[in-house]
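Protein chains in written order, with my numbering: chain A, 138 to 322; chain B, 138 to 322; chain C, 4 to 449; chain D, 4 to 449.
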Amino acid sequence: MATDNDSGKPKALAIPKEGYFALQQGRYGPTYPRTPACHGFTIIAKIKPGTEEEIRAYGTRIEKTIEANPHALAPLQLHYLRWVLFDIGSDKYFMYQGIFDTDFDKYTEDAIELFKATGVNTIFEKLEGFPTDWKTSAPAFIKFVREHQCPSFLEYGEYPYVSAGEIKKALALKQAFSSMLDHMQ
Amino acid sequence: MATDNDSGKPKALAIPKEGYFALQQGRYGPTYPRTPACHGFTIIAKIKPGTEEEIRAYGTRIEKTIEANPHALAPLQLHYLRWVLFDIGSDKYFMYQGIFDTDFDKYTEDAIELFKATGVNTIFEKLEGFPTDWKTSAPAFIKFVREHQCPSFLEYGEYPYVSAGEIKKALALKQAFSSMLDHMQ
Amino acid sequence: MAAQLDLGDIQHFLLARTPALAARYEFLSFESVAAGRAWLAGLVPKVGTGQSVGTASPDARWVTIAFTCNGLRSLGVDDAALATFPEEFRHGMAARAEILGIVGDSGPDRWFGDLASPALHAIVILFARDAGERDRCERQHREYLSTLAGVDVLSALNLEALPPFDGVAREHFGYRDRLSQPVIAGTGEQPTPGSGSPVKAGEFFLGYEDESGAPPPLPRPELLSRNGSYLAYLRMEEHVGAFRAFLRRQSETRDQQELLAAKLMGRWRSGAPLVLSPDKDDPALGGDLQRTNDFLYKEADPHGYRCPIGAHIRRMNPRDTAENMQRRKMIRRGGTYGPALPEGAPDDGVERGIAAFIGCSSLIRQFEFAMNVWVNDPTFKDLDNERDPIVGNHDDPFDMTIPKRPIRKRLRGLPAFTTIRGGAYLFLPGIRALRFLASGNAEQLS
Amino acid sequence: MAAQLDLGDIQHFLLARTPALAARYEFLSFESVAAGRAWLAGLVPKVGTGQSVGTASPDARWVTIAFTCNGLRSLGVDDAALATFPEEFRHGMAARAEILGIVGDSGPDRWFGDLASPALHAIVILFARDAGERDRCERQHREYLSTLAGVDVLSALNLEALPPFDGVAREHFGYRDRLSQPVIAGTGEQPTPGSGSPVKAGEFFLGYEDESGAPPPLPRPELLSRNGSYLAYLRMEEHVGAFRAFLRRQSETRDQQELLAAKLMGRWRSGAPLVLSPDKDDPALGGDLQRTNDFLYKEADPHGYRCPIGAHIRRMNPRDTAENMQRRKMIRRGGTYGPALPEGAPDDGVERGIAAFIGCSSLIRQFEFAMNVWVNDPTFKDLDNERDPIVGNHDDPFDMTIPKRPIRKRLRGLPAFTTIRGGAYLFLPGIRALRFLASGNAEQLS
């Protein structure tokens with residue numbers, strides 16, 4: 138896919154209602170485009186009544202997991218995650234908002250393995266309609282995700298199309314330079 | 138605020154229901170903490186019936202604005218924007234999802250000026266409950282935003298606490314290096 | 004479409020600087036509505052107006068009076084009316100101190116002179132040509148107070164210009180002061196080159212169109228608010244000994260000290276700006292108001308090799324490197340207090356500093372923004388862990404980066420060169436409003 | 004808890020490599036259910052089983068039979084049953100070509116031998132000790148077909164090992180082949196050092212526990228699916244002339260050519276891996292199966308200074324630098340077709356290449372993943388605009404970065420060294436399933 142390599146030039150992209158411009162088949166369905174804001178999920182689903190505290194507690198669990206093993210989520214190639222609980226009327230909804238570099242289609246199975254390993258099931262199993270056989274049925278899991286994915290109609294990236302890996306390499310380089318400069322002063 | 142300066146070490150932070158750990162007063166209300174995923178908005182509001190197409194069309198307008206002037210949104214100090222329309226029952230909701238470096242409290246007035254200049258009102262005025270006097274009343278605007286802001290309960294950053302400015306400088310440095318290497322081969 | 008300023012109704016204080024070498028601020032408390040009104044009634048005729056600016060002003064007519072929210076209440080303004088005033092004013096500076104970075108050693112719990120007390124109701128500001136005249140006014144006011152019951156002076160502060168009295172204002176660190184001043188649109192005054200466009204009157208006075216293109220809503224009753232302004236008062240001690248010691252510690256030569264002092268401020272002590280004179284001082288430039296503000300940053304010094312990004316003047320006025328600058332302008336009035344510390348003398352432990360009022364039409368958008376974002380945001384302009392080196396809060400260790408080729412200089416853990424010793428949010432009413440407050444009755448004013 | 008493999012029911016094809024120097028693939032179409040069943044019934048006894056592996060196999064018993072989804076339907080498997088087979092298999096490789104990067108010159112619209120046609124129903128694979136034996140089998144099969152009506156040979160492909168027939172498999176570019184092979188858990192075989200743990204049988208054969216720890220659900224009827232596998236077939240032309248010209252163009256010396264060839268592959272042509280022998284070839288190492296796979300990347304070569312990140316073997320088997328490697332293992336069977344192009348000879352325009360089957364229990368999770376992510380993802384492992392230099396689709400210009408100190412080498416716009424000329428998704432049934440398909444009746448099998 139052609140990308141604008143001028144990583145310092147912010148870019149915005151309006152996205153059609155379907156979530157993609159041209160239907161391009163991925164392994165598990167249409168692939169979503171890489172946008173200036175990389176790849177991403179906005180998965181919104183109603184939670185089962187009474188599960189809010191369990192879901193919130195899981196936030197702390199992930200915090201601790203990452204503290205103990207900062208690279209636990211490395212296979213997802215994330216930039217950022219934001220998990221939100223919000224109310225619509227008397228119902229409570231969960232939103233999984235992630236910005237990452239893999240198109241989901243590519244690393245689906247890795248993601249599912251990882252969700253098992255880090256127990257993301259603790260959250261997903263609290264969502265209405267989540268397939269009970271998700272651990273053995275990748276397609277069921279993926280169907281749920283696709284059905285609850287809400288494509289953006291606009292995405293904007295200040296440093297468009299740059300992968301987290303590239304950013305981390307660049308930051309390491311800058312850090313090395315900066316510390317060199319400090320030592321030279 | 139103390140930050141972990143190891144920008145290559147991913148970090149997750151679980152966030153209390155209120156959206157902050159300790160009540161810290163900002164100019165326009167409690168300040169939200171800077172997390173490993175920087176600052177951010179998840180503003181969710183119901184749209185007025187029949188306005189969906191206008192809202193979508195505005196995505197294209199922003200795309201063109203940024204194309205013509207890539208730095209049009211610079212004062213917001215963004216990393217990423219994702220604007221999403223999604224359905225709950227028969228209602229349609231708009232979500233403004235942004236990751237940025239300013240705490241909103243600090244640059245509120247700049248943001249409002251910018252929203253006027255780029256016509257973000259085209260969207261916000263389509264949201265139910267948006268104050269009609271927002272252009273002259275910063276507090277009314279801010280009240281709306283705060284009432285519709287849904288704090289995350291977990292945020293994760295792969296390169297935590299790093300500002301977009303720092304990332305762009307690092308990428309420019311890396312690009313300079315990379316092109317130097319290409320020329321030396 | 005600038006509306007004509009009602010100069011006869013606006014207190015002179017923000018309209019023009021008076022040629023004063025001395026001043027006195029008195030911080031008052033009213034024991035009763037009647038006491039406050041009586042005191043005010045006697046003093047209103049002495050308050051200078053915009054109209055008197057530029058005319059001969061033989062005695063104590065450079066009087067200015069302003070009130071805290073509690074002061075307005077103590078004069079009988081009811082809660083319904085007060086509720087229409089902005090929240091930040093109603094809460095007062097002490098309640099907003101955390102937002103302003105006025106914490107730790109600078110915190111309201113350590114302020115001098117009862118300024119954080121809810122008993123603070125009014126400030127009367129006396130500017131005088133010299134200390135003798137100031138002392139005469141003080142005596143006069145003391146006598147006046149002695150004729151009234153129920154008005155207490157919580158504290159007071161005397162101010163004097165620093166030597167050598169050569170017509171150049173300096174603060175204790177030795178920097179030339181009062182080089183920048185916004186020009187109010189409609190006054191006919193021309194901004195000096197580089198000072199930006201004239202600023203609409205509504206940015207400073209209530210009831211006028213501001214830079215948004217419309218007049219913001221007036222607090223009620225309009226009789227009280229129209230032609231008024233908000234003031235933020237700050238009494239800021241300057242640690243001259245610590246400042247000089249820091250310069251000596253960081254520099255081997257006198258020239259290096261001066262350069263470092265200039266890097267912290269963004270101007271040489273003469274006032275010459277680093278952007279225009281990066282390598283050595285240029286006193287002629289410093290004193291030339293037609294030239295000393297005539298510069299920008301974006302093209303001339305984008306990386307701060309001349310004037311560091313975090314230097315005091317670059318934070319307080321980022322010029323073309325910030326948004327909506329016209330909505331951030333403020334008018335500063337004040338002066339120095341405490342004796343000068345002679346060059347070479349050891350620190351004497353005496354408090355000295357600047358005590359100043361910042362005038363604006365929105366404390367939250369103008370004054371608080373400057374304190375919150377420009378002065379104390381450690382990530383201002385992508386700096387990392389830095390605050391304004393001169394006026395920022397340095398209770399925690401913050402740094403200062405001086406961009407330099409080939410190798411930048413990073414000063415780690417700057418000491419605090421200043422400490423806030425007091426502060427207040429005040430409303431500076433127009434003359435009719437003062438009369439209204441003195442009478443408690445709108446009808447008497449027509 | 005590895006379940007005992009039902010060796011008597013599993014076709015031998017994926018269980019062991021047969022010592023063959025020649026092979027023939029025939030691509031068949033059945034005009035009717037009856038015709039297909041009749042053909043199959045006669046051939047089932049000739050299909051080798053897992054049990055026959057290692058025993059003397061005197062003639063054409065290295066026969067393998069597999070079916071496309073259309074083929075299963077053409078043998079009477081009804082749509083309800085077919086619907087329980089995975090979507091990717093039902094759609095077939097041509098429909099999934101875009102996902103696989105098999106587009107442009109490699110696209111199904113340009114395939115040879117009617118492989119993209121819905122008429123393709125079955126493949127019969129004949130491996131033979133040598134070309135003479137292969138030709139004998141071919142004749143025998145032709146005679147057999149002549150006794151039946153309604154079974155058409157759409158196309159066929161003959162394969163031969165390349166000289167010098169020294170017991171070492173090579174492909175046309177000259178690289179040693181068949182160095183890696185997963186070992187199936189429960190067979191008692193020991194993986195060679197560096198080849199990873201034995202892989203659970205369920206990764207290759209349906210009805211067994213796989214690496215998830217459970218047996219995945221079987222398509223219905225289980226009689227048809229149990230002990231079966233999926234195969235992806237690829238006929239990949241190798242552009243030997245273009246490959247050699249590229250090496251010459253990029254290198255000044257023969258040694259540089261060999262190093263570049265090694266960098267593209269990740270191994271020297273002898274098979275010696277760059278990670279173990281980065282600077283020069285080591286043929287003894289290349290041929291030593293106890294050593295030639297005994298390496299990892301993460302610690303030994305994190306930045307690819309030895310084996311480039313994008314080299315063919317590092318993409319196809321990232322070893323310790325990818326997740327869930329045990330769930331990506333596949334078994335490859337196949338060989339070379341077309342005459343060798345002698346060293347130094349100009350390209351003769353004759354098609355030559357590799358025609359191989361990739362066996363697994365999930366085409367989408369194993370084969371398609373490898374093609375989609377490892378071979379053709381231009382941002383694989385944070386590379387920028389690169390694909391597998393050997394087997395990636397190079398219809399658009401992609402690059403190859405060779406990390407090197409002090410200065411990396413970036414090859415811009417690699418030519419396509421290979422083109423896919425045909426492909427298919429197949430189901431490789433067990434022996435009982437073959438009988439079931441031949442009879443159309445489960446009861447006959449007990």
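For glycine and all other residues, C-beta sits at the position ideal for the given N, C-alpha and C.
Proximal chain A residues relative to residue i, where beta-carbon distance stays under 7 Å
i: D/Asp385; result: Ser300, Gly302 and Glu303
i: D/Glu371; result: Arg164
Other residues of its chain near residue i: CB distance less than 6 Å, five sequence neighbours each side excluded
i: D/Ala41; result: Leu151
i: B/Pro147; result: Glu295
i: B/Lys154; result: none
i: C/Arg486; result: The requested residue 486 of chain C does not occur in the structure, where chain C is confined to residues 4 to 449.
i: B/Leu150; result: Thr172, Pro173 and Glu292
i: D/Ala265; result: Trp271 and Leu277
Length of the line joining the Cα atoms of residue i and residue j
i: D/Glu101; j: A/Arg164; result: 10 Å
i: A/Pro170; j: A/Tyr157; result: 6 Å
i: C/Arg145; j: C/Ala287; result: 44 Å
i: D/Gln184; j: D/Thr195; result: 9 Å
i: C/Met268; j: A/Asn258; result: 56 Å
i: D/Gly352; j: D/Trp114; result: 17 Å
i: D/Leu237; j: D/Ala131; result: 20 Å
i: C/Trp377; j: C/Met403; result: 14 Å
i: A/Ala313; j: D/Phe420; result: 40 Å
i: C/Asp62; j: C/Gly338; result: Here C/Asp62 scores only 48 on pLDDT, less than 50, and its place in the model should not be relied on; the value that follows carries that caveat. Rounded to whole angstroms, C/Asp62 to C/Gly338 spans 19 Å at the Cα level.
i: C/Leu182; j: C/Glu240; result: 21 Å
Residue i classed as buried or exposed, judged by whether at least 16 other C-beta atoms fall within 10 angstroms
i: C/Arg142; result: exposed
i: B/Thr269; result: exposed
i: D/Val50; result: buried
i: D/Met374; result: buried
i: C/Thr256; result: exposed
i: C/Ser149; result: exposed
i: C/Phe246; result: buried
i: D/Arg251; result: exposed
i: D/Phe168; result: exposed
i: B/Ala275; result: buried
Proximity to residue i [Cα-Cα], best of the options
i: B/His285; options: B/Gly177, B/Gln162 and B/Ile152; result: B/Gly177
i: C/Arg270; options: C/Thr256, C/Leu250, C/Thr295 and C/Tyr428; result: C/Thr295
i: B/Pro288; options: A/Ile279, A/Val221 and A/Ala313; result: A/Val221
i: B/Phe252; options: B/Leu213, B/Ala149, B/Ala159 and B/Pro276; result: B/Leu213
i: C/Ala119; options: C/Ile68, C/Asp169 and C/Leu31; result: C/Leu31
i: D/His124; options: D/Glu29, D/Arg137 and D/Asp133; result: D/Glu29
i: A/Val329; options: A/Ile181, A/Glu250 and A/Ile225; result: Not covered by the structure: residue 329 of chain A. The range shown for chain A is 138 to 322.
Amino acids of chain B, ordered along the chain, whose beta-carbon sits closer than 7 Å to that of residue i
i: C/Asp380; result: Lys243
i: C/Ser215; result: Thr273
i: A/His216; result: Glu295
i: A/Val257; result: The contacting residues do not exist; A/Val257 stays about 11 Å from chain B at best.
Under 8 Å from the C-beta of residue i: neighbouring residues of chain C
i: B/Gln161; result: Glu101
Own chain partners of residue i with C-beta closer than 8 Å, once the 5 adjacent residues on each side are dropped
i: C/Leu343; result: Residue 343 of chain C is actually Ala in this sequence, not Leu. Only Leu165, Pro166, His175 and Arg355 meet the Cβ criterion.
8 Å Cβ cut-off: residues of chain D touching residue i
i: A/Glu250; result: Glu326, Asn327 and Arg330
i: A/Asp247; result: Glu326 and Asn327
Closer than 8 Å at the beta carbon, the chain B residues around residue i
i: A/Leu264; result: Correct list: empty, because the minimum Cβ distance to chain B is about 14 Å.
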